[in-house]
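Read through the structure below, which is laid out as structure tokens, and then see the notes.
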Amino acid sequence: MRTQISSRQFKATETLKQYAEEKLKKLSQFYPDIIEIKVIFEHLKDTSVNTADVVISIPGGTLTSTATADKHELAIDECVENLKRQLIKVKEKRNNRRVSPPTIVEVEPELEMEDE
Numbered sequence: 001m002r003t004q005i006s007s008r009q010f011k012a013t014e015t016l017k018q019y020a021e022e023k024l025k026k027l028s029q030f031y032p033d034i035i036e037i038k039v040i041f042e043h044l045k046d047t048s049v050n051t052a053d054v055v056i057s058i059p060g061g062t063l064t065s066t067a068t069a070d071k072h073e074l075a076i077d078e079c080v081e082n083l084k085r086q087l088i089k090v091k092e093k094r095n096n097r098r099v100s101p102p103t104i105v106e107v108e109p110e111l112e113m114e115d116e
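Residue numbers for the sequence shown follow my numbering, so the first one is 1 and each next one is one higher.
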């Protein structure tokens, strides 16, 4: 699982990057086949709003989550919770499809008894 962390309109600190990596590593418990995680932190100076965008690449698609909070740490926590629910849902769908469908068994027609 590769993790790519970037920031817009500010320089992300190492502690913020480490915090995000620690939180995102926990997602592999729910879906071990994660290919890549991309995180984009953004800080809007005019409104002092902090946003975290997380995109997860898994076999067969991508999952995304965006959260806004006062601190980037709170935004990443919200994204992780949202993605955890999404990963569990995808995993359940995948496992339900693997269950073999009910098989249809042909029953031989009963032989009619001849009248004596």
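Glycine residues also receive a C-beta, built at the ideal position from the N, C-alpha and C atoms.
Each residue's CA atom was taken as its position, placing Leu27 and Thr66 some 16 Å apart.
Assigned with DSSP and collapsed to three states, Gln4 falls in strand. Nearest in C-alpha terms to Glu42, of all of Leu24, Pro59 and Lys11, is Lys11. DSSP places Ile37 within a strand segment (E or B) once states are collapsed to three.
With respect to the C-alpha of Ile5, the residue from Thr47, Ser48, Val54 and Gln29 having the closest C-alpha is Val54.
Taking C-beta atoms as the reference points, Ser7 and Ile37 fail to come closer than 9 Å.
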